[in-house]
Every structure is written in C-alpha cells, then in structure tokens.
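J.:
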Amino acid sequence: MVQKQYEKEVELDSLTDLAEKIGQFLSRKRLAATPKARAMGIEHTVIFDPERMDEANLFVSALSVRYEMTRAVP
1 MVQKQYEKEV ELDSLTDLAE KIGQFLSRKR LAATPKARAM GIEHTVIFDP
51 ERMDEANLFV SALSVRYEMT RAVP
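In our numbering, the protein residues as written are 1 to 74.
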C-alpha cells in the first residue's frame with residue numbers, strides 16, 4: 001500500500017509512478033523465507049476516492065502480489 005498526503009495535484013503522477021516501480025521491484029524479488037516462491041502476478045489499484053482526495057489530499061494505491069511455489073519434478 002502506498003499512501004501519502006500531497007500538497008499539489010502534480011504530485012499524483014509521481015506517486016503513481018512510485019507505486020508502479022514498487023510493483024516492478026516486487027515482481028523480480030524472491031521471498032527470503034520461501035525462495036521457491038516467485039511472483040506470478042501483480043495487481044496495482046489506485047484507489048480513487050474524490051472525497052478523501054478533496055478533503056485530505058490523500059493518495060492511496062494498493063498493490064497485490066500473487067506468488068506461486070515451484071517444486072522439482074522427480
């Protein structure tokens with residue numbers, strides 16, 4: 001989740017880019033505790049809440065990563 005209060009709407013593009021870069025990083029990263037797991041899909045959702053954006057100037061973006069375990073075939 002990327003959540004940040006912004007001052008100007010011009011910041012929204014860079015915040016969206018940041019969330020996308022985090023997603024790209026996670027798609028290449030193996031889990032330390034489970035090295036056989038690999039990212040199979042990433043869903044990036046910018047949560048557009050006009051009320052929250054108008055009142056609090058709050059950007060919210062959610063990243064969901066789906067991992068799959070690989071195993072050796074005997």
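Note that beta-carbon positions come from the ideal geometry of N, C-alpha and C, so glycine has one too.
Tell me whether Ser64 is buried or exposed, calling it buried when 16 or more other Cβ atoms sit within 10 Å of its Cβ.
T.: Counting Cβ neighbours within 10 Å, Ser64 comes out exposed, since fewer than 16 surround it.
J.: Does the Cβ-Cβ distance between Lys4 and Leu12 come in under 7 angstroms?
T.: No, Cβ-Cβ distance for Lys4 and Leu12 is not below 7 angstroms.
J.: Determine the contact status of Tyr6 and Phe59, defining contact as a CB-CB distance below 7 angstroms.
T.: Yes, Cβ-Cβ distance for Tyr6 and Phe59 is below 7 angstroms.
J.: In whole angstroms, what separates the C-alpha of Val73 from that of Asp17?
T.: One C-alpha to the other measures close to 39 angstroms.
J.: Near Glu43, which residues of its chain fall below 6 angstroms by C-beta distance, leaving aside the five closest residues on each side in sequence?
T.: Same-chain partners within the cutoff: Ser64.
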